[in-house]
Amino acid sequence: MNKVVLEAKNVSKHFTDGKTTVEVIRGLDLKVEEGQFVSIVGSSGSGKSTLLHVLGGLECPTEGMVFLNGQRFDNLGESERGFQRNLHLGFVYQFHHLLPEFTALENVAMPLMLRDGTSYKKVKEQAEYLLDRVGLSHRLTHKPGELSGGERQRVAMARALVAKPAVMLADEPTGNLDRKTAVKIFELLSDLRNEFNMAMLIVTHDEALAQSADKILHMQDGVWVNE
1 MNKVVLEAKN
11 VSKHFTDGKT
21 TVEVIRGLDL
31 KVEEGQFVSI
41 VGSSGSGKST
51 LLHVLGGLEC
61 PTEGMVFLNG
71 QRFDNLGESE
81 RGFQRNLHLG
91 FVYQFHHLLP
101 EFTALENVAM
111 PLMLRDGTSY
121 KKVKEQAEYL
131 LDRVGLSHRL
141 THKPGELSGG
151 ERQRVAMARA
161 LVAKPAVMLA
171 DEPTGNLDRK
181 TAVKIFELLS
191 DLRNEFNMAM
201 LIVTHDEALA
211 QSADKILHMQ
221 DGVWVNE
């Protein structure tokens with residue numbers, strides 16, 4: 001059995017608005033093993049993105065526990081959770097969230113630049129390598145506004161991978177792209193997953209992307225359902 005790199009135990013997330021409590025995810029269990037590709041599918045509002053945020057330490061669960069590399073993750077303080085996130089997790093979003101004032105190279109290098117003791121030479125080399133792997137070695141000095149949608153998404157992928165994470169979390173990584181570009185992004189994700197031996201947990205509406213996963217989980221109204 002492979003090492004479990006990300007685990008949720010009985011995780012729930014509730015939001016309160018005045019006197020109303022909304023249960024977004026309810027009592028979910030999940031295990032993601034080293035190198036495994038897991039896809040989560042479900043309709044809008046089913047709780048997929050909220051679960052991804054909880055697993056990635058961007059939000060704390062209302063109930064339950066999250067483990068990263070076997071260590072309890074959800075109960076850490078904000079700064080320590082951010083530190084662990086930087087070390088072990090990579091994020092790719094549908095709308096990439098690149099910093100518009102920085103170049104592609106600077107955006108990709110940012111996660112490593114936030115670490116203490118990492119030389120700029122090493123950071124630059126790693127960022128350049130990843131941008132070359134995603135086919136953007138000719139766009140290093142371009143800012144996001146000068147890149148196409150597919151190019152911006154590839155920069156976001158390179159940024160997510162620059163720290164060689166144990167797990168990549170992706171929220172609709174191909175959802176804002178045309179079909180041809182989406183296929184290229186998916187093929188690139190698969191290649192990089194194998195190269196880095198990382199796990200991938202992807203929320204998607206893309207049936208072709210979902211079906212290629214090692215495990216497919218279906219979510220409805222905040223719980224797993226059988227399809």
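Each residue of the sequence shown is one higher than the one before, starting from 1 at the first, in the numbering used here. For each residue, glycine too, the CB sits at the ideal point set by N, CA and C.
For residue i, name the three-state secondary structure that DSSP assigns.
i: T181; result: helix
i: S44; result: coil
i: S190; result: helix
i: G150; result: helix
i: K215; result: strand
i: E195; result: helix
i: E7; result: strand
How big is the Cα-Cα spacing for residue i and residue j?
i: I25; j: L89; result: 21 Å
i: R139; j: A182; result: 20 Å
i: V225; j: K215; result: 14 Å
i: Q228; j: E63; result: Nothing about residue 228 can be reported from this structure: the residues present for the chain run from 1 to 227 only.
i: Q153; j: R159; result: 10 Å
i: L68; j: T50; result: 17 Å
i: A199; j: V167; result: 5 Å
i: D132; j: K19; result: 52 Å
i: D17; j: K124; result: 45 Å
i: E78; j: N10; result: 22 Å
i: F196; j: N107; result: 20 Å
i: Y120; j: G70; result: 31 Å
i: V223; j: L30; result: 11 Å
Taking the alpha helix (DSSP H) that residue i belongs to, which residues open and close that run?
i: G82; result: E78 to H88
i: V223; result: Unbroken run through V223 is the beta strand (DSSP E), V223 to V225; no alpha helix (DSSP H).
i: E101; result: That residue, E101, is in no alpha helix (DSSP H); it is neither H nor E in DSSP.
i: K122; result: Y120 to R133
Which partner residues does residue i have in the DSSP bridge list?
i: H14; result: E23
i: L169; result: F91 and L201
i: Q71; result: L68
i: K31; result: E7
Tell me where the beta strand (DSSP E) around residue i begins and ends.
i: V66; result: E63 to L68
Below 6 Å, is the gap between the Cβ of residue i and the nearest heavy atom of the ligand GDP?
i: A160; result: Absent from the structure shown: the ligand GDP. Ligands present: none.
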